[in-house]
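Enquirer:
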């Protein structure tokens, strides 16, 4: 008798334990009638790595032992990756090689299974990507089906994210440092009580018929999620991560998967808003940097330098709206009042963690595990094969940082080959396994849509298409968060200190509201972090949670964040409902009005067969004219938001016409750049050089030359921009002009300059020399620039600014955002989450360009006045460039690309590569870097409904 191999025996044991760990069989159901579709096979989309984000216990064990993956968990990854090497040859007939068909319905030969989780809904899964097409005979059945299907695909992800949003990851998944970091970050942003979460649910029902319908839709959706939880637990085909985290016993099936509640949707909405839909809140850091400049240069010159760095309304910045109109918002007045600047050196961050015990009281020493693979288990025991899979955290480090990503290219029919608008757009939400977004088609009474939604919020399609229109969004991040400086006091009397927990509010000393989480954890199968606990405490004022304490003019103060969407996390539900309703959206103007009902800060784009549109949504507050929103504001009624009611955080909001908006402009591009002239950025990145330039130039230049676009050529413009180094295309020419003022006489230095010049002449792209080679073309030039940039920026600015001001400004905004996440500020300083694709959004790109052009003697709008590099002397500045370039050339490659759990030190391609960070047990292969939306649509409607 042949003896089975150990992995085979282990899998057999896993199957025996799991018993029937497979999804229930498909049930023969009548095929639903497809909805009207006016795209006529000209709509496509892609979402890597794949639709399926659930793995049963047996599938998880198989992945650990054999490397296999569940069906549809990675079948969109290769075609997404292939565009990097294939975009230059793209045609309208080959788009389907890189994107999936996004037509309504499922072809008969593409049906994988069809089933009815409830009698009023049928779900058809397609064979191509496993996407659920949900057909409800009732509206309730439609949204119930959406909840059921999303739980089938992303249950554990949704569960983990609702814990993160509540600040309760560690009791759920273990005490790994990354879990603690994430729960602390999200709790600090949205420290809600359960009563406040329910209050937001109750408020939806007060918003008329649409509000009542939204609440009913959400409840049916939750019912669908819970139906799947109950059935999958009973049938033993629930996600295997519940075994790894100790929630379900793999032998007895004992344990519990907690059902969802409506308040969980509020939590998930707040999490999405915090990461993608906010703007502002950096006022303390701004104040510290501004004061450092005033101290260095004096008030007048210091303010001139500050304004150039701040780039609040940079006249050179690329704007999405470029038709000559201006939309003033968030701009500092000429003579602001109520500004509160902390005393130098007095600012301290508000303490969040209290009473740590056990491992919480020990220095964090988490062991990083690779994200692109799982180390081979040391045992063939099925259960033990999962030991330690979450030892570095259920979530990747840095995941909780706010993200401002996504891009869009929309060209009106006047500039396309067909005469119909063409759009290539999508959200850049990072790369995770499973993906945070989920795909679906929804067809039911009052709902007709297909596209992507955040898992756990997918009772409506958030980004996608309707019967004869499509829409998408980019993060806008205009300033809807202000910082108020409250004077501290002692409610019981006595002198106040910076540690006092009372504050003056409208003449009365009030105690701060304390919102707490008591989190405790035990070791579990997936995370062996020793037992520990702590309390998370948010100190809340009427304005919002306290982030810092300091003194101002010698008086103790606390800085509190006032966010216009606080207590209003689900107000956007009405706008999304309208997006999905074909009766509500019959024109570009209808779409804009629906987008106005969304309170998160997004740039919305729309295309149908005739029209294009843009609208910048957000709960834009009406401020007092004398207030500077970029600085901390005195907590005084004279400086509060107009119409502000602290009881429910309602406020007067800017009307529709004051939001940047447009219909049928020649083209729209957005890569989180400036929305419109007059609209201030919340941070300093919307300046003279921003990654949106890469898109805008490619579209504008073709149109100005009389060229026309089709779906392929517009996709090519996006794809080429997505592999181009912004620094090379937009900043290196200025640097070379300064260097070229004189011949470079040193042969070695001349060779370095020519290396960069050759790369620039070849397009400045970071692409493989040959697809699959894992070695960049122009690898030496890329390495040289990556090593040079931090040395260049420091050499250019620090001598003039002084070390304290330079440090303060890098704290306000990092000097770089490289694809690898390294070379930021200091040569070996890591900022943000590596391997996440999004690059060149934040950095001193415009600041470097403005200063170098001033050194060259140009008049630079919005510049520094007197140049800073080399003290304003062109010869001295040129020498700085050459000296730092030579220093960069001597830098070991292992310092420029220091390596991590996924990459060896010095591996340039790997340092840039996209890695899908695990939120679960299934790992995905690395792919080549591209700076591109995670979910992306390519659309061109040739027809529309009768109007």
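Numbering (the numbering used here), first residue to last: 12 to 958.
Ideal Cβ placement from N, Cα and C applies to all residues, glycine included.
In this text the structure is predicted, and so the values were computed from the model without any measurement.
(1) DSSP state of residue 578, grouped into three classes?
(2) Among the candidates 530, 862, 702, whose CA atom is the shortest distance from the CA of residue 192?
(3) Suppose the cutoff is 6 Å on Cβ atoms and the five residues either side in sequence are ignored; what does the same chain contact list for residue 691 look like?
(4) Kindly indicate which three-state DSSP category residue 614 falls into: helix, strand or coil?
(5) With a 10 Å radius around its C-beta and 16 neighbouring C-beta atoms as the bar for buried, classify residue 337 as buried or exposed.
(6) With DSSP as the reference, label residue 392 as helix, strand or coil.
(7) Strictly by DSSP, which residues pair up with residue 625?
(8) Could you name the residues of the same chain whose beta carbon sits closer than 7 Å to that of residue 592, not counting the 5 residues immediately before and after it, in chain order?
(9) Quick one: residues in its chain with C-beta nearer than 7 Å to the C-beta of residue 786, no 5 flanking neighbours on either side, listed in chain order?
(10) Return the residue from the list 845, 231, 893 that minimises the CA-CA distance to residue 912.
(11) State the Cα-Cα distance for the pair residue 242 and residue 251, rounded to the nearest angstrom.
(12) Which word fits residue 582, buried or exposed, when buried means at least 16 other C-beta atoms lie within 10 angstroms of its C-beta?
(13) Ignore the nearest five residues each way along the sequence and tell me which others in residue 773's own chain have a CB closer than 8 Å to its CB.
(14) Based on DSSP bridge pairs, tell me the residues matched to residue 54.
(15) Check whether the Cβ atoms of residue 435 and residue 729 sit closer than 8 Å, and answer yes or no.
(16) Considering just the uninterrupted stretch of the beta strand (DSSP E) at residue 527, what are its terminal residues?
(17) Go ahead and pull the three-state DSSP assignment for residue 512.
(18) In the DSSP assignment, find the unbroken beta strand (DSSP E) run with residue 815 in it and report its ends.
(19) Suppose you measure from the CA of residue 394 to the CA of residue 402; what does that come to, to the nearest Å?
(20) Please determine if the region 168-175 and the region 473-493 are in contact, where contact requires at least 3 C-beta pairs separated by less than 8 Å.
(21) For residue 602, which residues of its own chain have a beta-carbon under 8 Å away from its beta-carbon, when the five flanking residues on both sides are left out?
(22) Do the region 99-111 and the region 722-737 meet, that is, are 3 or more Cβ pairs less than 8 Å apart?
(23) Given that a residue counts as buried once 16 or more other Cβ atoms are within 10 Å of its Cβ, and exposed if not, what is residue 756?
(24) What does a CB cutoff of less than 6 Å around residue 45 pick up in its chain, not counting 5 residues either side in sequence?
(25) Going by the CB atoms, is the gap between residue 928 and residue 686 shorter than 8 Å?
(26) When the distance is taken between beta carbons, is residue 879 closer than 8 Å to residue 820?
(27) Determine contact between the region 449-469 and the region 656-663, defined as no fewer than three beta-carbon pairs at a distance below 8 Å.
(28) Please state whether the Cβ-Cβ distance between residue 549 and residue 143 is less than 8 Å.
(29) Can you tell me whether residue 276 is buried or exposed? The criterion is at least 16 other CB atoms within 10 Å of its CB, across all chains shown.
(30) Please report the residue range of the alpha helix (DSSP H) in which residue 764 lies.
(31) Can you tell me whether residue 422 is helix, strand or coil according to DSSP?
(32) Are the Cβ atoms of residue 704 and residue 741 separated by less than 8 Å?
(33) Using only alpha-carbon positions, find the residue among 816, 428, 600, 290 that is nearest to residue 572.
(34) Between 235, 278, 146, 268, which lies nearest to residue 210 when the distance is taken from Cα to Cα?
(35) Could you name the residues of the same chain whose beta carbon sits closer than 6 Å to that of residue 585, not counting the 5 residues immediately before and after it, in chain order?
(36) Among all the DSSP beta bridges, which residues are the ones paired with residue 250?
Expert: In short:
(1) DSSP places residue 578 in coil when its eight states are reduced to three.
(2) Of the residues 530, 862, 702, the one whose Cα lies closest to the Cα of residue 192 is 530.
(3) 323, 324, 341, 342, listed in sequence order.
(4) Note: residue 614 maps to strand in three-state DSSP.
(5) Taking a 10 Å sphere around the C-beta of residue 337, we find fewer than 16 other C-beta atoms and assign the residue as exposed.
(6) DSSP places residue 392 in coil when its eight states are reduced to three.
(7) Bridge partners of residue 625: 616, 673.
(8) Cβ neighbours of residue 592 within its own chain (closer than 7 Å, five residues either side excluded): 457, 458.
(9) The beta carbon of residue 786 lies closer than 7 Å to those of 779, 780, 920 in the same chain, with the five residues before and after it left out.
(10) If we check each option's Cα against that of residue 912, 845 comes out closest.
(11) C-alpha separation (whole angstroms): 15 Å.
(12) Classification for residue 582: buried.
(13) Same-chain partners within the cutoff: 788, 789.
(14) In the DSSP output, where bridge partners are listed per residue, residue 54 has 950.
(15) Taking 8 Å as the Cβ cut-off, residue 435 and residue 729 qualify as a contacting pair.
(16) Residues 524-532.
(17) Looking at residue 512 - three-state DSSP - the assignment turns out to be coil, as it is neither helix nor strand.
(18) In the DSSP assignment, residue 815 falls outside any beta strand (DSSP E) and within the unbroken alpha helix (DSSP H) covering 814-823.
(19) Answer to the nearest angstrom: the Cα atoms are 16 Å apart.
(20) No, they do not touch.
(21) Taking residue 602 as the centre and dropping the five residues before and after it, the same chain places the C-beta of 480, 482, 590, 596, 615, 617, 624, 626 closer than 8 Å to its C-beta, in chain order.
(22) Between the region 99-111 and the region 722-737, the count of Cβ pairs shorter than 8 Å is three or higher; the stretches touch.
(23) Around the CB of residue 756, fewer than 16 other CB atoms lie within 10 Å, so the residue is classed as exposed.
(24) Taken in chain order, the residues that qualify are 115, 116.
(25) Going by beta carbons, residue 686 and residue 928 fall outside the 8 Å limit.
(26) Annotated as distal: residue 820 and residue 879, with beta-carbon spacing of 8 Å or more.
(27) Judged by Cβ distances under 8 Å, the region 449-469 makes no contact with the region 656-663, as fewer than three pairs qualify.
(28) It is not a contact, given that the beta carbons lie outside the stated cut-off.
(29) Residue 276 should be labelled buried.
(30) 758-772 is the extent of the alpha helix (DSSP H) around residue 764.
(31) Residue state, collapsed to three classes: strand.
(32) Yes.
(33) Measuring from the Cα of residue 572, the nearest candidate turns out to be 290.
(34) Closest option to residue 210, Cα to Cα, is 278.
(35) 221, 608, listed in sequence order.
(36) The partner list for residue 250 (beta bridge, DSSP) reads 67.
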